[in-house]
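Chemist:
Residue numbers (our numbering): 107 to 290.
Written as structure tokens, this is what we have:
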């Protein structure tokens with residue numbers, strides 16, 4: 107806060123003071139509403155953990171029921187349905203609400219596999235076996251495993267107290283398709 111006040115004092119142009127004022131008010135809001143620890147956790151998770159999601163649902167129907175039941179839904183917000191990230195969006199003007207697939211983990215998979223997969227990873231016959239093992243041996247934030255011979259990225263979601271499993275080959279294929287659709 108001292109640094110912001112110093113910048114405020116040294117800034118003479120009114121137009122240049124606006125960003126300082128916004129940051130000062132934002133920090134005041136965080137402190138006044140008792141959210142300093144939550145903000146600190148958010149910053150750490152953004153840098154050290156998988157992309158944050160606010161909720162997990164087994165099915166899309168569960169997620170849509172949750173979204174319909176909220177008086178003031180967060181917008182935008184990430185959620186996970188099954189093992190896939192989705193983006194929740196709501197228009198305040200007409201109360202329109204939607205859930206769309208969000209390809210946020212795929213760039214992580216692309217970067218983590220750019221030099222190849224690790225040679226030795228925990229191997230399991232089934233998804234259930236892998237999930238049971240991960241509940242006792244959490245990877246943080248990411249770890250590769252093999253399920254029935256297929257490489258997966260296990261992603262630990264600290265706040266949700268669970269892992270998601272992402273088949274590497276299909277995730278990379280979907281990501282390439284998404285990049286082509288977006289013209290990247």
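Built from N, CA and C at the ideal position, the CB exists for glycine as well. As the structure is a computational prediction, the values presented were derived from the model and not from experiment.
(1) Our contact map puts residue 184 next to residue 210 with C-beta atoms below 8 angstroms; I'd like the distance itself, whole angstroms only.
(2) From the DSSP secondary-structure annotation, give me the bridge partner or partners of residue 193.
(3) Give me, in chain order, the residues of the same chain whose beta-carbon lies closer than 7 angstroms to that of residue 268; leave out the 5 immediate sequence neighbours on both sides.
(4) Looking at residue 258 and residue 271, is the spacing between their C-beta atoms short of 9 angstroms?
(5) Let's see if you can read the secondary structure: which residues bound the beta strand (DSSP E) around residue 270?
(6) What do you reckon, are the CB atoms on residue 249 and residue 238 nearer than 9 angstroms?
(7) Output the boundary residues of the alpha helix (DSSP H) element that contains residue 256.
(8) Do residue 253 and the ligand ADP come close, with the Cβ less than 8 angstroms from some heavy atom?
(9) Give every residue of the same chain whose Cβ lies closer than 6 angstroms to the Cβ of residue 166, excluding the five residues on either side of it in the sequence, and list them in chain order.
(10) Look at the alpha carbon of residue 228 and the alpha carbon of residue 133, and state the distance between them as a whole number of angstroms.
(11) Taking the alpha carbon of residue 226 as the reference point, which residue from 177, 218, 252, 240 has its own alpha carbon closest?
(12) Cα-Cα, which of 198, 178, 212, 196 is closest to residue 284?
(13) CB-CB under 7 angstroms to residue 129, same chain, minus the five flanking residues each way: which ones, in chain order?
(14) Residues in its own chain within less than 8 angstroms of residue 127 by CB, not counting five upstream and five downstream?
Modeler: Inspection of the coordinates gives the following:
(1) Position 78 of the chain shown, counting from 1, holds the residue named residue 184. Position 104 of the chain shown, counting from 1, holds the residue named residue 210. Contact holds; Cβ gap of about 7 angstroms.
(2) On the chain shown, position 87 is the one that residue 193 refers to. For residue 193, DSSP records a beta bridge to 184, 206.
(3) Counting from one through the chain shown, the residue named residue 268 turns up at place 162. Contacts found: 162.
(4) Residue 271 sits at position 165 when you count from the first residue of the chain shown. Residue 258 sits at position 152 when you count from the first residue of the chain shown. In this structure, residue 271 lies near residue 258, with their beta-carbon atoms less than 9 angstroms apart.
(5) Here residue 270 is taken as the residue at index 164 of the chain shown, counted from 1. Per DSSP, residue 270 belongs to the beta strand (DSSP E) from 268-273.
(6) Mapped onto the chain shown, residue 249 falls at position 143. Mapped onto the chain shown, residue 238 falls at position 132. Cβ atoms of residue 249 and residue 238: not closer than 9 angstroms.
(7) Mapped onto the chain shown, residue 256 falls at position 150. Element bounds for residue 256: not the alpha helix (DSSP H) but the beta strand (DSSP E), 256-263.
(8) This structure does not include the ligand ADP; it has no bound ligands of any sort.
(9) Reading the chain shown from its first residue, position 60 is the one you call residue 166. In chain order, 187 place their CB closer than 6 angstroms to the CB of residue 166, counting only its own chain and leaving out the 5 sequence neighbours on each side.
(10) Here the question's residue 228 lines up with position 122 in the chain shown. Here the question's residue 133 lines up with position 27 in the chain shown. In a straight line, the C-alpha of residue 228 is about 44 angstroms away from that of residue 133.
(11) By one-based count along the chain shown, residue 226 stands at place 120. Taking the Cα of residue 226 as reference, the smallest distance to any Cα among 177, 218, 252, 240 is reached at 252.
(12) Translated into the one-based positions of the chain shown, residue 284 becomes position 178. Closest by C-alpha distance to residue 284, out of 198, 178, 212, 196, is 212.
(13) Locating residue 129 in the chain shown gives position 23, counting from the first residue. Beyond the five residues adjoining it in sequence on each side, residue 129 comes within less than 7 angstroms, by CB distance, of 110 in the same chain, given in chain order.
(14) By one-based count along the chain shown, residue 127 stands at place 21. Cβ within range, chain order: 114.
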